[in-house]
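To start, the structure under review is shown below, and the notes come after it.
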Amino acid sequence: MNKVYEIYEILLNHFGPQGWWPGDTPLEVMVGAVLTQNTNWTNVSKAIDNLKREDLLSFEKLHELPVEELAVKIKPAGYFNLKAKRLKNLLDFIAREHDGSLEEMFGMDMYTLREEILTVKGIGPETADSILLYAGNKPVFVVDAYTHRIFARHNIIGEDEGYYEIQEYFGLSLPEDVQLFNEYHALIVRLGKEFCKKSKPLCAQCPLGKFDGFTYQPLELQ
DNA sequence: CACCAGGCAAGTA
DNA sequence: TACTTGCATGGT
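Residue numbers for the first sequence follow my numbering, beginning at 209 and rising by one.
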């Protein structure tokens, strides 16, 4: 009946728990959420290691660090000038509106906080939701490019569905559970990386083949 | 060599 | 409103 939940069970059974989000503190998770925009996690990890090695991964240290110096530290994550500004915008916002306290910030109502975070330049829907879910333990479903691609290819959602439409669909299909949302998004990314790449889908070996026998055909081959 | 990775904002028509 | 482009490193 509920395809969304059935697929979750298949993925969890196939891959096992993914242990997201890698990061020891909410601050580290939040930093990672910005750095991983359009970027492979292995590169983000190098950038975060740089910050850790120099003991810069605290709110005060990061907030005080000039944006030009921050850019140098996060270079391996790519888009480093852009991301340094975005991180700075976010840190300035938290210092200004929440006295530099993530704990205080995450004590807010989830929907109000989401609206606030989205006003920060450089924080879009996916980054905001990743921060809320993985750093703040709030029950928001994170939609990403894989979610869109996988579920559109299985004709569960439309190819032209937007972020909020997809998010609403998942919200209506699943119990509001932080751990479930956490695990499901991580499983979708795992599935996407291994079996549902843009131009190289591996449908024959995909665990969702057991779900509906679906095999994706690129449009030009149909 | 080409292509892509856990996006977003600004510019164009 | 609906595309397109800049941002940039590193893995496959």
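We put the CB at the ideal spot given by N, CA and C, even for glycine.
Predicted, not measured: the structure shown is a model, and the values here were computed from it.
Here the C-alpha atom of Ala292 lies approximately 42 Å from the C-alpha atom of Phe419. Here DSSP, grouped into helix, strand and coil, assigns Pro234 to helix. Exclusion of the five residues before and after Asn210 leaves Ser381 as the residues of its chain whose Cβ lies within less than 6 Å of its Cβ. At a cut-off of 3 residues, not a single continuous stretch assigned as beta strand (DSSP E) sits fully inside the segment 296-332. Take Phe301, set aside five residues on each side of it, and the residues of its chain with a beta-carbon closer than 6 Å to its own are Val328, in chain order.
Residues Val212, Ile365 and Glu369 of the same chain have their beta carbon placed closer than 8 Å to that of Tyr377, with the five preceding and five following residues left out of the count. Taking a 10 Å sphere around the C-beta of Gly240, we find 16 or more other C-beta atoms and assign the residue as buried. DSSP lists no bridge partner for Cys411.
Measuring C-alpha to C-alpha distances from Asn345 to each of Tyr354, Asp317 and Leu326 identifies Asp317 as the nearest. For a cut-off of 8 Å, the C-beta gap from Glu391 to Pro274 is around 38 Å, too long to register as a contact. For Ala336, the CB contacts under 8 Å within the same chain, skipping 5 residues up- and downstream, are Arg322, Ile325 and Leu326 in chain order. For Thr355, the number of other beta carbons within 10 angstroms of its own is at least 16, and it is reported as buried.
With a threshold of 16 other beta carbon atoms within 10 Å, Ser309 falls short and is exposed. Rounded to whole angstroms, the separation of the alpha carbons of Val237 and Gly231 is 5 Å. For Leu265, the CB contacts under 8 Å within the same chain, skipping 5 residues up- and downstream, are Thr233, Leu235, Glu236, Val239, Ile256 and Leu259 in chain order. Out of Val252, Asn251 and Lys406, the CA that lies nearest to the CA of Arg361 is found in Lys406. The Cβ neighbour count for Arg261, taken over all protein chains shown within 10 Å, is under 16; the residue is labelled exposed. For Ala394, the closest alpha carbon among the candidates Leu340, Val350 and Asp307 is that of Val350.
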